[in-house]
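Worksheet for the structure shown next.
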Amino acid sequence: MPKIIPFKIIQLDAKSFHPILTGRLGDDDINLILDTGASRTVLGKHITKEFPTIECEAEEAFAAGINAQTMEVEQLEIPEITIGESTFENLLVFSTNLDGISEIYQKMAGLKIDGLIGCDFLVKYKATINFKMRKIVLYP
């Protein structure tokens, strides 16, 4: 049975639109950017401190942002995360410092950002993104 996850659109300026998903990680409410340009799902270090890291290949230990600057990342397995009303188990993610991104969203939209959902997640769950209905349909 498909999982349907609603999202909202945040407009940072006249031509900058960003889909945002809400969820829970442990006791924390979280906001996640739906980022089809990101190859991997990334969560901020501030919400992943309690999870042990998993060794990854040397070339995966760094990620590049759109500005081509690299940042150090750690790979984690999240036992359980809720996105919308749907729960996902044993999700492999990267973790890094997202303070810079979160500051921009906090300043421009009053919203803290805890991570981003990348194409690894979207491909795994055969996602269909419907901007008219503001919903993602996933097929686990």
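Counting from 1, position 19 in the sequence shown corresponds to residue 9 in the working numbering; the numbering is continuous, with no gaps.
Built from N, CA and C at the ideal position, the CB exists for glycine as well.
In the DSSP assignment, Gln1 is bridged to Phe7.
Burial check for Phe84: the Cβ neighbour count within 10 Å reaches 16 or more, so the residue is buried. Between the C-alpha atoms of Lys97 and Ile103 there is a straight-line separation of about 11 Å. Per the coordinates, the alpha-carbon of Gly90 lies some 22 Å from the alpha-carbon of Cys109. Rounded to whole angstroms, Leu88 and Thr118 show a C-alpha spacing of 26 Å.
For the stretch 60 to 105, the full-length beta strand (DSSP E) segments reaching 3 residues or more read 60 to 62, 64 to 73, 76 to 86 along the chain. For Asp18, the enclosing beta strand (DSSP E) has its first and last residue at 18 to 24. Sequence-distant partners of Thr72 (beyond 5 residues in either direction) whose C-beta falls short of 7 Å from its own C-beta, in its chain, are Gly13, Arg14.
Judged by DSSP in its simplified three-state form, Thr38 adopts helix.
Of all alpha-carbon atoms in Pro42, Leu112, Glu79, the one lying nearest the alpha-carbon of Ala28 is that of Leu112. Cβ-Cβ distances below 6 Å link Lys35 to Ser85, Asn87 in the same chain, with the five nearest sequence neighbours on each side left out; the list follows chain order.
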